Amino acid sequence: MPKNESGLPADFHSEPTISTKRIYEGSIINLRVDTVRMPSGNSATREIVEH
Numbered sequence: 226m227p228k229n230e231s232g233l234p235a236d237f238h239s240e241p242t243i244s245t246k247r248i249y250e251g252s253i254i255n256l257r258v259d260t261v262r263m264p265s266g267n268s269a270t271r272e273i274v275e276h
């Protein structure tokens, strides 16, 4: 697969975070909901599990 100058796949796109809401903090996992900006300009919601 072709890579870009950052070494990432050429079709990789970033999703800058617009906002983050932490919904659970525990000793083993944390849960958060991020709103991100898509390359098209639309926003999307990402549910993130941190372990």
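Residues in the sequence shown are numbered consecutively from 226, following this note's numbering. The beta-carbon is built from N, C-alpha and C at its ideal position, and this holds for glycine as well. This one's a predicted model, so the numbers in the text were calculated from it and none came from an experiment.
With respect to the 9 Å criterion, Lys246 and Arg262 are not classified as neighbours on the basis of their beta carbons.
Between Ile243 and Ser268, the beta carbon gap of about 6 Å places them in contact (Cβ cut-off 8 Å).
Under the three-state reduction of DSSP output, Leu256 falls in the strand class.
Looking at the DSSP output, Ile273 bridges to Arg257. Nearest Cα to Ser239 within the set Ile273, Ser252, Ser265: Ser265.
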